[in-house]
Amino acid sequence: MSRPAAAKSRPRPRKKLSLTLLLMALVSLVFLLTTTILLIGSYQSKKKSLIETTLNLNYTNAERMGKTVDSLFRSMRSSLQFSAEQIANLEAVSPDSIDAYLDLTRNSSNYFNSIILVDANGTVLNNSPAELGIVGKQITSPQVKEALRLKNSYLSAPYIAPSTGRMLFFMSEPLYNKDKHYLGQLGGTVYLRDSNILNMIFGNNVIDKSGSYYYIVSAEGHLLYHPDIGRLNENVTGNGVVRNLMAGLSGKMQAVNTQGVSMLAGYSAVPSNGWGIVVVSPAEVIQQQLRVHLSKIVAYTVIPFVVLLFCVFVLAHRLAKPFVVLADLVNKIGKEKVELPELKPHWNREVDLLTTAVVLAWTDIQKQTDQLTHDAMTDLLTGLTNRRSLDISISQWIAARVTFSVVVLDVDKFKFVNDTYGHLAGDEVLRRVAGILTESIRPGDICARYGGEEFVLLLPRTKPEQAFTVAERIRKTLEVTEVPLPMKVTSSQGIAHFPTHGRTREELLGCADEALYTAKHSGRNRTVIYGE
Numbered sequence: 029m030s031r032p033a034a035a036k037s038r039p040r041p042r043k044k045l046s047l048t049l050l051l052m053a054l055v056s057l058v059f060l061l062t063t064t065i066l067l068i069g070s071y072q073s074k075k076k077s078l079i080e081t082t083l084n085l086n087y088t089n090a091e092r093m094g095k096t097v098d099s100l101f102r103s104m105r106s107s108l109q110f111s112a113e114q115i116a117n118l119e120a121v122s123p124d125s126i127d128a129y130l131d132l133t134r135n136s137s138n139y140f141n142s143i144i145l146v147d148a149n150g151t152v153l154n155n156s157p158a159e160l161g162i163v164g165k166q167i168t169s170p171q172v173k174e175a176l177r178l179k180n181s182y183l184s185a186p187y188i189a190p191s192t193g194r195m196l197f198f199m200s201e202p203l204y205n206k207d208k209h210y211l212g213q214l215g216g217t218v219y220l221r222d223s224n225i226l227n228m229i230f231g232n233n234v235i236d237k238s239g240s241y242y243y244i245v246s247a248e249g250h251l252l253y254h255p256d257i258g259r260l261n262e263n264v265t266g267n268g269v270v271r272n273l274m275a276g277l278s279g280k281m282q283a284v285n286t287q288g289v290s291m292l293a294g295y296s297a298v299p300s301n302g303w304g305i306v307v308v309s310p311a312e313v314i315q316q317q318l319r320v321h322l323s324k325i326v327a328y329t330v331i332p333f334v335v336l337l338f339c340v341f342v343l344a345h346r347l348a349k350p351f352v353v354l355a356d357l358v359n360k361i362g363k364e365k366v367e368l369p370e371l372k373p374h375w376n377r378e379v380d381l382l383t384t385a386v387v388l389a390w391t392d393i394q395k396q397t398d399q400l401t402h403d404a405m406t407d408l409l410t411g412l413t414n415r416r417s418l419d420i421s422i423s424q425w426i427a428a429r430v431t432f433s434v435v436v437l438d439v440d441k442f443k444f445v446n447d448t449y450g451h452l453a454g455d456e457v458l459r460r461v462a463g464i465l466t467e468s469i470r471p472g473d474i475c476a477r478y479g480g481e482e483f484v485l486l487l488p489r490t491k492p493e494q495a496f497t498v499a500e501r502i503r504k505t506l507e508v509t510e511v512p513l514p515m516k517v518t519s520s521q522g523i524a525h526f527p528t529h530g531r532t533r534e535e536l537l538g539c540a541d542e543a544l545y546t547a548k549h550s551g552r553n554r555t556v557i558y559g560e
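Numbering-wise (our numbering), the sequence shown opens with residue 29 and increments by one.
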């Protein structure tokens with residue numbers, strides 16, 4: 029009766045997953061991850077491309093329109109300058125002739141809605157069109173007064189005319205006769221919403237089917253042209269694009285407008301008048317294009333990927349068979365040659381067997397590697413870092429520009445100790461010195477046996493004076509340390525500092541050795557800093 033009970037108490041072996049099933053699951057996971065990554069990558073790449081393309085296109089259009097406005101204003105300025113020069117040089121010409129000339133200037137170019145000629149006191153001498161009827165009247169407009177005060181070329185900021193309630197700007201040129209005597213100003217007015225060449229070009233501003241449009245702002249940040257006429261003269265300085273334009277900058281950026289809508293904007297500042305041209309497209313248009321793009325990708329790739337996945341499943345089943353055989357073989361070889369360490373069971377049978385064999389080989393190789401590394405970098409007698417490891421550390425610290433001090437310590441009269449008391453006694457002295465050095469340094473300091481009775485300390489971020497204190501403490505400790513000899517053991521020490529005394533390993537150790545020799549020649553049992 030006890031045997032069945034014992035049999036029932038045994039834990040049932042855990043069922044492990046086959047490699048075939050794992051490969052199929054892995055391929056499924058790879059398929060899903062790959063598809064996801066492709067969609068995300070395509071989405072991000074396409075989004076970046078669309079945004080960059082839209083920004084570049086908007087900037088190109090804004091720059092082109094800005095050049096148009098700039099050329100137009102320069103032409104308007106040139107027209108006024110030419111007319112002002114012609115009128116200033118005319119002598120004894122009737123007012124009717126000047127009126128006819130002004131009419132010709134205004135009608136031939138369609139630059140200005142009206143042109144006036146005022147004398148230096150602000151009295152209107154001539155006007156075009158004649159319907160203005162202001163000849164002989166004193167102009168009180170602040171813009172005209174400012175032009176008369178400056179006696180130079182003048183362009184006003186766009187403003188609302190008190191009499192008409194319409195937005196306009198005033199441009200004028202001074203008149204000087206041959207004797208350079210100031211005669212007055214020839215000025216033209218341009219109503220932004222009236223019939224003129226500026227309104228013909230920019231007045232028919234509408235939003236296209238993609239939602240893109242342009243607008244023009246003044247140097248003060250007010251809307252001059254916009255698809256929404258009701259927003260004209262609105263202050264939009266809260267828009268980051270407009271602030272850049274007010275600073276005289278041109279460029280492209282994604283920004284949120286004063287209505288809270290994210291827009292892709294290209295903008296260009298107009299040098300001749302300080303205005304700014306902005307061409308914008310709503311960011312939502314990009315999202316719509318991206319959704320269409322992703323839908324096409326999914327439609328084009330789902331069926332081919334499903335077929336490919338089925339083929340991979342079949343191939344994975346075939347590939348798994350030899351891999352299982354190889355796993356069994358590796359397990360047998362591992363058991364025959366070495367004793368297996370105690371390992372926790374793996375949830376997968378094949379991986380469990382292969383892991384055992386690989387861990388065995390790795391453990392053995394790691395032990396050998398660790399031992400070889402330790403032997404190559406350690407002094408066997410003292411257990412300290414050896415010369416090779418020390419040289420590597422110095423080179424690394426120099427390359428990393430770490431400031432440090434080097435203390436070279438040499439046991440005084442060590443040859444006498446070896447010759448008189450034997451090499452075993454000398455070895456014991458070296459071990460005692462190594463022990464004192466190890467106990468005297470900080471974490472991060474390096475202590476090495478450099479050869480024979482010579483030791484080297486590397487003290488990072490330590491000034492020579494601080495290193496001198498450490499070296500003196502070691503020297504005094506060694507002097508009072510008991511050794512199995514009927515004599516005291518002392519040491520001489522030289523100190524050098526990087527980069528003060530040397531910038532290479534050879535220079536630094538050479539300076540430290542020179543300081544050590546100075547200590548030796550000065551009577552031994554002392555510490556010397558190089559150059560002092």
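We put the CB at the ideal spot given by N, CA and C, even for glycine.
Note that this is a predicted model, so its numbers are computed, not measured.
- In the displayed model, G268 falls within a helix according to three-state DSSP.
- Taking 8 angstroms as the cut-off, the Cβ atoms of Y139 and M104 count as close.
- The shortest C-alpha to C-alpha distance from A297 to any of L145, S246 and G266 is the one to S246.
- In this structure, the straight-line span from the alpha carbon of N135 to that of L322 is close to 56 angstroms.
- At the C-beta level, S142 and L160 come within 8 angstroms of one another.
- Taking one beta carbon from each stretch, the stretch 231 to 238 and the stretch 203 to 219 have fewer than 3 pairs nearer than 8 angstroms; the two do not touch.
- For P310, the enclosing beta strand (DSSP E) begins and ends at G304 to P310.
- Judged by DSSP secondary structure, V245 falls outside any alpha helix (DSSP H) and instead within the beta strand (DSSP E) spanning Y241 to V245.
- In the three-state scheme derived from DSSP, where H, G and I count as helix and E and B as strand, T168 is classed as coil.
- In chain order, V152 place their CB closer than 6 angstroms to the CB of K165, counting only its own chain and leaving out the 5 sequence neighbours on each side.
- Here M199 carries a strand assignment [DSSP, helix/strand/coil].
- As the crow flies, the alpha-carbon of K548 is around 23 angstroms from that of F432.
- Counting along the chain, the unbroken beta strand (DSSP E) around Q282 starts and ends at G279 to V284.
- A Cβ-Cβ distance of about 7 angstroms is found for the pair V517 and T509, placing them in contact under the 8 angstroms criterion.
- In this structure, the straight-line span from the alpha carbon of T82 to that of I305 is close to 16 angstroms.
- Check the Cα spacing between Y71 and each of Q315, R259, M228 and L487: the tightest is with Q315.
- A Cβ-Cβ distance of about 10 angstroms is found for the pair V434 and L544, leaving them out of contact under the 8 angstroms criterion.
- If you draw a straight line from the Cα of E80 to the Cα of S290, it comes to about 15 angstroms.
- Taking a cut-off of 8 angstroms for Cβ pairs, the stretch 191 to 208 and the stretch 217 to 234 touch, as three or more such pairs fall below it.
- Look at the beta carbons and you see the stretch 446 to 465 touching the stretch 406 to 419: at least three pairs across the two are nearer than 8 angstroms.
- Taking a contact as a CB-CB distance under 8 angstroms, the pair L506 and A495 does not count as one, their CB atoms being some 16 angstroms apart.
- In this structure, DSSP gives H529 a state outside helix and strand, which the three-state scheme calls coil.
- Boundaries of the alpha helix (DSSP H) around N227: I225 to F230.
- In the DSSP assignment, P488 forms a beta bridge with F432.
- In this structure, K76 lies away from L318, with their beta-carbon atoms at least 8 angstroms apart.
- Taking a C-beta distance under 8 angstroms as the contact criterion, V556 and G530 do not qualify as a contact pair.
- Bounds of the alpha helix (DSSP H) holding G454 are H451 to S468.
- Fully enclosed alpha helix (DSSP H) runs of no fewer than 4 residues occupy 170 to 178 of the stretch 128 to 191, in order along the chain.
- For the set D207, E201 and P255, the Cα lying nearest the Cα of N227 is the one of P255.
- For A476, the enclosing beta strand (DSSP E) starts and ends at I474 to G479.
- Here L54 is exposed, its C-beta having fewer than 16 other C-beta atoms within 10 Å.
- For L292, the closest C-alpha among the options T286, A311 and R554 is that of A311.
- Between the alpha carbons of P527 and N285 lies a gap of roughly 57 angstroms.
- In the three-state reduction of the DSSP assignment, M515 falls in the coil class, being assigned neither a helical nor a strand state.
- Cβ contact annotation for R102 (same chain, cutoff 8 angstroms, sequence separation greater than five): S300, in chain order.
- Nearest neighbour of A158 by Cα position, chosen from A148, Y129, I474 and T192, turns out to be Y129.
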